[in-house]
Each structure stands twice: as C-alpha cells, then as structure tokens.
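Asker: Residue numbers (the numbering used here): 618 to 687. For glycine and all other residues, C-beta sits at the position ideal for the given N, C-alpha and C. Quick caveat, the model's predicted, so the values are computed rather than measured.
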Amino acid sequence: MFKLEDVAMGMWIADLKKGGLAIQYVNDDRVYNTGCTDGYVVAHYQEPREMLCLWQRLSEGRGAICCNRR
C-alpha cells in the first residue's frame with residue numbers, strides 16, 4: 618500500500634512514457650475519490666480493516682460493497 622499512490626502512479630506513468638508507451642487518460646465515474654461507494658473501481662481513504670472486509674466480500678462473490686457502514 619502506498620501512502621502517496623498518486624505520486625507513485627505519476628512516476629510509473631512517466632517511466633512508461635519514456636519507454637514509448639502511449640498513455641491515454643480516461644475519466645471513469647466509478648473512480649470515487651472521497652471515500653467509498655458500492656460498485657466502485659477505486660476508493661480512497663480506506664482503513665486496512667475495510668480493505669480486508671472488501672477483499673473477503675469480493676472473494677465470496679458478493680461484489681464491491683462498502684464495508685464501512687454501521
């Protein structure tokens with residue numbers, strides 16, 4: 618897990634560009650950057666226990682359902 622994953626992604630993408638890969642940026646509404654929403658592709662600010670809960674739900678075939686609800 619990277620604490621500054623946006624910085625890491627920028628470094629990886631820059632390296633791929635140097636290698637000649639054409640990078641195309643696409644907006645996707647399933648990338649949710651202010652917490653968690655069901656069916657998301659990427660969610661930010663998840664606690665380790667929430668990530669473990671999500672992994673368990675995914676492995677059980679229950680899908681990407683947020684775990685931080687009470």
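How close, in whole Å, do the beta carbons of Y657 and R647 come, if the pair is a contact with beta carbons under 8 Å?
Answerer: That pair is a contact at about 6 Å.
Asker: Which residues in the same chain as I630 place their Cβ atom closer than 8 Å to its Cβ, once the five residues preceding and following it in sequence are excluded?
Answerer: Correct list, in chain order: I640.
Asker: Mapping DSSP to helix, strand and coil, what is V643?
Answerer: Of the three classes helix, strand and coil, the one that applies to V643 here is coil, per DSSP.
Asker: Measuring straight from C-alpha to C-alpha, what distance separates C683 and N644?
Answerer: Their Cα atoms are separated by approximately 22 Å.
Asker: Just to confirm the assignment, what range does the alpha helix (DSSP H) spanning E664 have?
Answerer: Careful: E664 lies outside any alpha helix (DSSP H) and carries neither H nor E.
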